[in-house]
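Number of protein chains: 2
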Amino acid sequence: MVNSKPYVIGIDMGGTNTVFGIVDARGVVLTSDSIKTKKHSNINDYIDELYTETMRLVRAIDAEGKIFGIGVGAPNANYFTGMIEDGVNLPWPTPVPFAQLLSEKFGIPVAITNDANAAAIGEMTYGVARGIKDFIMITLGTGVGSGIVINGQLVYGHDGFAGELGHVIVKRNNGRLCGCGRAGCLETYCSATGVARTAREFLEIRTEPSTLRDIPVDAITSKDVYDAAMAGDKIAKEIFVYTGTILGEALADFTAFSSPEAFVLFGGLAKSGELLLKPLREAMERNMLSIYKGKVKVLQSELREADAAILGASALGWEAKPIGVAITPPPASATPAAPQP
Amino acid sequence: MVNSKPYVIGIDMGGTNTVFGIVDARGVVLTSDSIKTKKHSNINDYIDELYTETMRLVRAIDAEGKIFGIGVGAPNANYFTGMIEDGVNLPWPTPVPFAQLLSEKFGIPVAITNDANAAAIGEMTYGVARGIKDFIMITLGTGVGSGIVINGQLVYGHDGFAGELGHVIVKRNNGRLCGCGRAGCLETYCSATGVARTAREFLEIRTEPSTLRDIPVDAITSKDVYDAAMAGDKIAKEIFVYTGTILGEALADFTAFSSPEAFVLFGGLAKSGELLLKPLREAMERNMLSIYKGKVKVLQSELREADAAILGASALGWEAKPIGVAITPPPASATPAAPQP
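Same order as they appear, the protein sequences are chains C and W. Here the working numbering is used: the first sequence runs in plain steps of one and ends on residue 411. Here the working numbering is used: the second sequence runs in plain steps of one and ends on residue 411.
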């Protein structure tokens with residue numbers, strides 16, 4: 071049977087850019103482009119521009135009427151409600167019924183979820199997690215995000231907000247302040263931002279020479295630390311050991327939850343290679359409960375960075391339902407039935 | 071349709087006693103009894119006695135030929151393999167193919183899982199979690215066990231060993247030694263044993279009077295601490311605040327994983343009521359990421375203690391498959407398919 075709607079649109083909304091593309095069922099990104107997320111202070115203007123630019127791509131590949139659905143990865147997007155609940159870095163007021171607005175504009179079903187969940191779906195559908203039914207995606211970017219897959223299903227939780235492992239507390243006392251208002255969250259240590267914070271701390275309390283001292287301390291980025299470590303800088307290498315150790319300890323604890331076959335690391339920091347992965351694996355195995363030791367893989371995403379966000383979001387597009395057909399969790403049974411043999 | 075096999079057998083194997091009973095589809099424990107787990111050093115002798123005593127009950131209620139399946143909760147029992155993998159407190163060598171041995175002896179399908187998972191299934195089927203699709207069972211006994219339910223399904227993980235939340239590290243530095251060989255595990259603080267350890271610590275470092283000082287320090291149990299706290303003893307009450315706070319902090323972190331609708335507490339310590347629950351709820355809410363605050367219930371099991379273990383195990387009996395029909399996770403697809411629209 072030839073399907074008359076062989077394409078999906080994937081949209082990845084970041085704080086700075088919104089990238090979008092048209093993807094076929096094999097996971098090929100046929101065409102893509104981007105707009106500035108913050109250009110408009112009114113969400114309808116943003117959606118108008120997104121529509122105009124996306125439809126330009128659709129027409130260019132002669133795909134009008136052939137789009138099955140739209141998948142969106144966006145900050146704090148709720149799969150169940152279709153709402154963007156809390157857009158800390160977005161220029162419009164939230165909560166906003168983003169899936170509904172987009173679906174009305176395009177006349178195409180829309181499904182949304184947060185960016186880390188979209189990444190997990192992308193990895194499961196097209197990436198290194200193909201064929202793995204139980205894994206945890208960890209995105210190491212400005213923050214630390216996560217998408218949890220159990221028995222082939224993304225875990226949304228009772229309210230659509232499961233999988234905020236970047237906000238598990240890893241330092242209960244004197245932990246670093248986090249953007250979430252609490253202290254000691256994993257992402258204050260193991261994100262790109264966290265690596266830069268560690269660099270500033272290490273440079274202040276240590277006296278050894280380091281090429282990082284040539285950079286104004288508030289301008290140091292995780293990329294600077296990576297470059298210095300690759301050039302053999304001792305303090306820079308220790309920053310990666312410190313970061314990898316904390317992340318490895320956390321992954322050992324996460325394993326006690328869902329006993330995944332693998333963790334999949336994604337994002338800029340994940341590309342630091344053995345600088346990060348060696349101390350990470352060592353700390354993870356050292357801190358693992360014995361029944362889990364030696365069983366859990368740590369994989370790096372193999373998706374092309376340029377395509378990954380669009381691919382992840384687009385994979386969700388295949389799940390999109392027409393307006394009026396709500397994506398909701400299965401209703402809790404009103405009359406709890408004993409099993410009927 | 072009248073089912074010809076309307077009963078299941080539930081077996082709960084503890085380190086000391088093995089309790090078993092016959093349960094109908096409404097969750098009524100029709101009859102039950104127990105044997106000593108450690109009486110025999112050969113597993114076949116244990117199974118022979120278990121068979122003899124169980125079949126005595128079966129005949130007494132005229133249920134021969136009417137047993138649909140047997141469900142077993144046992145330490146380190148693996149749902150996928152039917153093995154008891156590591157029986158720290160058991161008198162026979164492990165691993166042992168317990169489901170197979172039992173099924174061959176009884177001629178009835180058998181399903182096994184660990185005790186905390188069995189408790190979660192019982193709570194979901196007959197208890198306070200009826201109608202709740204996303205919850206986490208926390209058993210507070212000699213140790214701390216857990217059974218995680220997501221979207222109405224128990225989480226087994228890729229190897230059958232998911233849900234060891236008692237072994238999440240809550241004190242990374244100078245944590246208490248745990249029976250698992252590591253240090254700082256949740257169960258070293260929040261089990262009945264943990265409460266007794268806290269009592270010994272508090273009595274040693276504090277100088278205030280306490281009725282707990284009338285008890286030989288190595289003989290203090292969590293029940294003694296409970297009784298003292300109920301009688302108004304200041305140190306005993308602080309021990310519960312300490313315990314509840316650590317558990318509440320841990321539950322806040324667990325919420326970031328699966329965003330459950332509720333935690334269900336089970337076991338002797340869970341019956342301490344507000345002594346434990348008040349500091350627990352306060353610490354949980356105080357440490358919760360804002361999107362979860364005020365959403366997650368903390369429930370106490372309502373199953374009768376005498377029935378709970380049998381009920382939980384028996385509920386699994388409805389899932390039991392005949393010998394030769396393996397309970398295995400769905401196979402990972404060999405050729406990972408892109409979604410077919």
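For each residue, glycine too, the CB sits at the ideal point set by N, CA and C. None of the values given here were measured: they were computed from a predicted structure.
**Asked** Does the distance from the CB of Ser74(W) to the CB of Val89(W) come in under 8 Å?
**Response** no
**Prompt:** How many Å lie between Ala326(C) and Tyr121(C) at the Cα?
**Reply:** Ala326(C) and Tyr121(C) have their C-alpha atoms spaced approximately 44 Å apart.
**Request:** Mind reading off the beta-carbon distance from Gly80(W) to Gly97(W)? Whole number of angstroms is fine, and I expect it under 8 Å.
**Result:** Wrong, their Cβ atoms sit about 10 Å apart, outside the cutoff.
**Item:** Closest Cα partner of Met153(C) within the set Leu346(C), Val142(C) and Leu273(C)
**Value:** Val142(C)
**Prompt:** Comparing alpha-carbon positions, which option in Gly139(C), Thr86(C) and Asp94(C) lies nearest Pro179(C)?
**Reply:** Gly139(C)
**Beta-carbon proximity of Cys255(W) to His237(W), cut-off 8 Å** = yes
**Message:** Going by beta-carbon coordinates alone, are Gly230(W) and Phe324(W) separated by less than 8 Å?
**Reply:** No, these two residues do not count as a Cβ contact at 8 Å.
**Request:** Compare the C-beta of His237(C) with all C-beta atoms of chain A and state if any pair is closer than 8 Å.
**Result:** Among the chains of the structure shown, chain A does not appear; the protein chains present are C and W.
**Prompt:** Cβ of Ala189(W) within 8 Å of Cβ of Ala378(W)?
**Reply:** yes
**Message:** Which residues of the region 97 to 127 of chain W have a Cβ closer than 7 Å to any Cβ of chain C? Give them in chain order.
**Reply:** Gly97
**Prompt:** Are any of the Cβ atoms in chain W nearer than 8 Å to that of Leu359(C)?
**Reply:** yes
**Opposing strand residues paired with Ile137(C) [DSSP bridges]** = Tyr77(C)
**Asked** For the region 318 to 393 of chain W, which segments carrying the alpha helix (DSSP H) assignment without a break, of at least 4 residues, lie completely within its bounds, in sequence order?
**Response** DSSP runs (the alpha helix (DSSP H)) wholly in the region 318 to 393 of chain W: 344 to 357 and 375 to 387.
**Request:** Please decide whether Ala326(C) counts as near chain W, where near means a Cβ-Cβ distance under 8 Å.
**Result:** yes
**Item:** Candidates Cys250(W), Phe176(W), Tyr116(W) and Thr195(W): closest to Asp94(W) by CA position
**Value:** Among Cys250(W), Phe176(W), Tyr116(W) and Thr195(W), the Cα nearest to that of Asp94(W) belongs to Thr195(W).
**Item:** For Gly364(C) and Ala332(C), the rounded distance between their alpha carbons
**Value:** Computed Cα separation, rounded: 11 Å.
**Request:** Hey, could you find the ends of the alpha helix (DSSP H) Asp115(C) is sitting in?
**Result:** Ile113 to Ala130
**Message:** Strictly under 8 Å for the Cβ-Cβ distance: is Ala396(C) near chain W by that measure?
**Reply:** At Ala396(C) the pLDDT is 47, less than 50, meaning the model places this residue with poor confidence; the figure from the coordinates comes in the next sentence. No, Ala396(C) does not count as interfacial toward chain W.
**Asked** Which first and last residues belong to the alpha helix (DSSP H) in which Asp103(W) is found?
**Response** DSSP places Asp103(W) in no alpha helix (DSSP H) but in the uninterrupted beta strand (DSSP E) bounded by Val99 to Lys106.
**Request:** Just grab the DSSP bridge partners of Ser216(C) for me.
**Result:** Ile208(C)
**Item:** CB contact below 8 Å: Glu134(W) versus chain C
**Value:** no
**Message:** Determine, for Gly331(W), whether the minimum Cβ-Cβ distance to residues of chain C falls below 8 Å.
**Reply:** One point to set straight first is that residue 331(W) is Glu, not Gly, in the sequence displayed. Closer than 8 Å to some Cβ of chain C, the Cβ of Glu331(W) qualifies, so yes.
**Request:** Would you mind telling me which residues of chain C sit closer than 9 Å to Gln223(W), beta carbon to beta carbon, in chain order?
**Result:** Using a Cβ-Cβ cut-off of 9 Å, Gln223(W) is close to Ile220, Asn221 and Gln223 of chain C, given in chain order.
**Request:** Name the residue from Gly211(C), Ala390(C) and Val368(C) whose alpha carbon lies nearest to the alpha carbon of Glu355(C).
**Result:** Val368(C)
**Asked** Who are Leu235(W)'s beta bridge partners in DSSP?
**Response** The partner list for Leu235(W) (beta bridge, DSSP) is empty, contrary to what the question assumes.
**Cross-chain neighbours of Glu271(C) in chain W, by beta carbon under 8 Å** = Going along chain W, no residue has its Cβ under 8 Å from Glu271(C), so there is no contact; the nearest lies around 18 Å.
**Message:** Looking only at its chain, what residues have a beta carbon closer than 7 Å to the beta carbon of Leu386(W), apart from the 5 residues adjacent to it on each side?
**Reply:** The beta carbon of Leu386(W) is closer than 7 Å to those of Gly141, Ala181, Thr183, Ala188 and Ile191 in its chain, skipping five residues each way along the sequence.
**Item:** CA-to-CA distance, Gly337(C) to Tyr226(W), given in whole angstroms
**Value:** Roughly 29 Å separates the two Cα atoms.
**Item:** Per DSSP, the bridge partner or partners of Ile182(C)
**Value:** Val142(C)
**Prompt:** In chain order, what residues of the same chain lie with their CB nearer than 7 Å to the CB of Met358(W), ignoring the 5 residues before and after it?
**Reply:** Ala322 and Thr325
**Request:** Look at Glu193(C) and Val334(C) and say whether their C-beta atoms are less than 8 Å apart.
**Result:** The answer is yes: Cβ separation under 8 Å.
**Prompt:** Does DSSP put Gly264(C) in a helix, in a strand, or in coil?
**Reply:** helix
**Per-residue contacts from Arg46(W) into chain C (C-beta, under 8 Å)** = With chain W represented from 71 up to 411, any question about residue 46(W) goes unanswered, as that position is not in the structure.
**Request:** List the residues of chain W that Lys367(C) touches, going by C-beta distances under 8 Å, in chain order.
**Result:** Near Lys367(C) there are no residues of chain W at all, since even the closest Cβ is about 10 Å away, more than 8 Å.
**Message:** So if DSSP puts Asn87(W) in a beta bridge, which residue, or which two residues, is it bridged to?
**Reply:** Lys106(W)
**Request:** Measure the beta-carbon distance from Ile309(C) to Val287(C) and round it to whole angstroms, keeping in mind my assumption that it falls under 8 Å.
**Result:** With 8 Å as the limit, Ile309(C) and Val287(C) do not qualify as a contact, their Cβ atoms being about 13 Å apart.
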